[in-house]
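**Student:**
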Amino acid sequence: MNTRPKSQFAKELKDKDNVSSPFLIKFSAVAVGKNGKPYMNLVLMDKTGEIEARVWENANEHVGQAVRDAFVQVEGRCQTYQGRRQVVVNRLQVLREDEIEPKDYIAESPLNPDELHAQLLVYVESMKDPFYRALAEAVLRDDADLVQRMKRAPAAKSLHHAYRSGLIEHVLSITQILDHLAGHYGKHLDRDLLLLGGFFHDIGKLFELSYERVTDYTTEGKLIGHLVIGVEIVDRKIRELEAQSGRLPGSFPEEKKLLIKHVILAHHGLLEFGSPKRPKCLEALIVHMIDDLDSKVNAIQAFIEQDATPGAWTALNRQYERFFFKPEWAREEY
Ligand SMILES: [Fe+2]
Ligand SMILES: [Fe+2]
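Start counting the sequence shown at 4; every next residue gets the next number (the numbering used here).
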């Protein structure tokens, strides 16, 4: 089966360009215009980014077809409306999955997830505490479903590491920093607990987000959230370990259970950021601060890279409420 060539990418489309290319639909809704006629509001995406689109004519024909997660061949024209690029669609045709090359549509980590996972296992095997280590092995080495999810999941819908395998990239990055800090701050820190915090703080995201195509929150994610889902996973894995003979040197110590659950629950740092408890041990505080650091560095780097504003300053970043300075490598030639 021949696939449709992806000849144009969202990031490259400019005012007055004719558009003829497949895209993935990220968002789709029907609205009613001032003239009383229905029109379709779309966000089209591919691995380079996204662009808004409008279907003014015969919008009703596409309802139920041009839906989120659908691949569509788009014919139309790019124009600038109120300073924003927008594709006015003349023709829209839904494509089958075997007509497209999925790699063109979903951004992925530049790093190889199998290698990231192998590096993570080296940290697991370096742990000293037999209970913490058995728990890490049970989740990151022995549970094929969790491992497979871990290699694919993004770390977020849009804020940071928001691409395929972004979560494992984020987790390994944090684990490496935590390992340095365990050495830097010395003997009073529990290195194993810090590493577990790195591994598990966002493990609930494997179920908080759906990420087969467009990333979105699951019902479990909306109703429960990744902090509590993470605690549930840890709880379940400890019970499974306790039920298997020979996996643990004894029953899992109560205090250790509480500490790892606390590190997960406290990693957002503040009640208003979704943590039910603020960090109350040094390991929890450090995991929170390094998580914050790693996600901000990734988010701001990606923002600067993707910004197309001419000159030395980016457009306004709404999340951080500031303009960022663009180093020379990030400035486009005009
Ligand atoms: Fe988190
Ligand atoms: Fe995180």
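Where is the CB? At the ideal position from N, CA and C, for every residue including glycine.
Do you know whose CA, among A185, N61, I109 and R239, lies nearest S129's CA?
**Tutor:** A185
**Student:** Considering only heavy atoms of ligand 2, does any lie closer than 6 Å to the CB of D107?
**Tutor:** no
**Student:** Taking C-beta to C-beta, are Q76 and L98 nearer than 7 Å?
**Tutor:** For the 7 Å CB-CB criterion, Q76 and L98 form a contact.
**Student:** Pull up the distance between the alpha-carbon of V92 and that of S24, whole angstroms please.
**Tutor:** Approximately 11 Å between the Cα atoms of the pair.
**Student:** Measuring alpha carbon to alpha carbon, tell me which residue in D101, I227 and Y166 is nearest A73.
**Tutor:** D101
**Student:** Report buried or exposed for L3, applying the criterion of at least 16 other Cβ atoms within 10 angstroms of its Cβ.
**Tutor:** The structure shown does not extend to residue 3, since the chain spans only 4 to 337, so no value can be given for it.
**Student:** For a quick check, are the C-beta atoms of D49 and F30 less than 7 Å apart?
**Tutor:** no
**Student:** Within the chosen definition, does the region 139-159 reach the region 34-51 through at least 3 CB pairs nearer than 8 Å?
**Tutor:** Because the criterion of three Cβ pairs below 8 Å is not met, the region 139-159 and the region 34-51 do not touch.
**Student:** Given this structure, state the Cα-to-Cα distance separating L197 from V290, to the nearest angstrom.
**Tutor:** 7 Å
**Student:** F327 by DSSP, collapsed to three states: which one?
**Tutor:** DSSP places F327 in strand when its eight states are reduced to three.
**Student:** Apply the 10 Å Cβ neighbour rule to K14 and answer buried if 16 or more other Cβ atoms are within range, or exposed otherwise.
**Tutor:** exposed
**Student:** Give the range of the alpha helix (DSSP H) segment to which K260 is assigned.
**Tutor:** E257 to L268
**Student:** What does R88 pair with, by DSSP beta-bridge criteria?
**Tutor:** T83
**Student:** Tell me which residues share the same chain as Y42 and place their Cβ nearer than 8 Å to its Cβ, disregarding the 5 neighbours each side in the sequence.
**Tutor:** V33, A34, V35, G36, R57, V58, W59 and A62
**Student:** Which residues, in chain order, sit with a beta-carbon under 5 Å away from any heavy atom of ligand 2?
**Tutor:** After applying the 5 Å Cβ criterion, the set is D205 and D294.
**Student:** Taking the alpha carbon of S10 as the reference point, which residue from E78, E257 and I293 has its own alpha carbon closest?
**Tutor:** E78
**Student:** Straight-line CA distance for S176 to D294?
**Tutor:** Roughly 9 Å separates the two Cα atoms.
**Student:** Work out the CA separation of A159 and L170 for me, nearest whole Å.
**Tutor:** 8 Å
**Student:** So that I know if they touch, is there some Cβ in chain B lying closer than 7 Å to that of S31?
**Tutor:** In summary, chain B is missing from the structure at hand, where a single protein chain is found.
**Student:** Among residues of its own chain, excluding the 5 on either side of A156, which ones have a beta-carbon nearer than 7 Å to its beta-carbon?
**Tutor:** Here the set comprises L170, K208, L209, L212 and Y214.
**Student:** What does P25 pair with, by DSSP beta-bridge criteria?
**Tutor:** DSSP lists Q76 as partners of P25.
**Student:** Give the DSSP-derived three-state secondary structure of I241 in the structure shown.
**Tutor:** helix
**Student:** Leaving aside the five residues before and after D219 along the sequence, list all residues of the same chain whose C-beta is less than 6 Å from its C-beta, in chain order.
**Tutor:** S213
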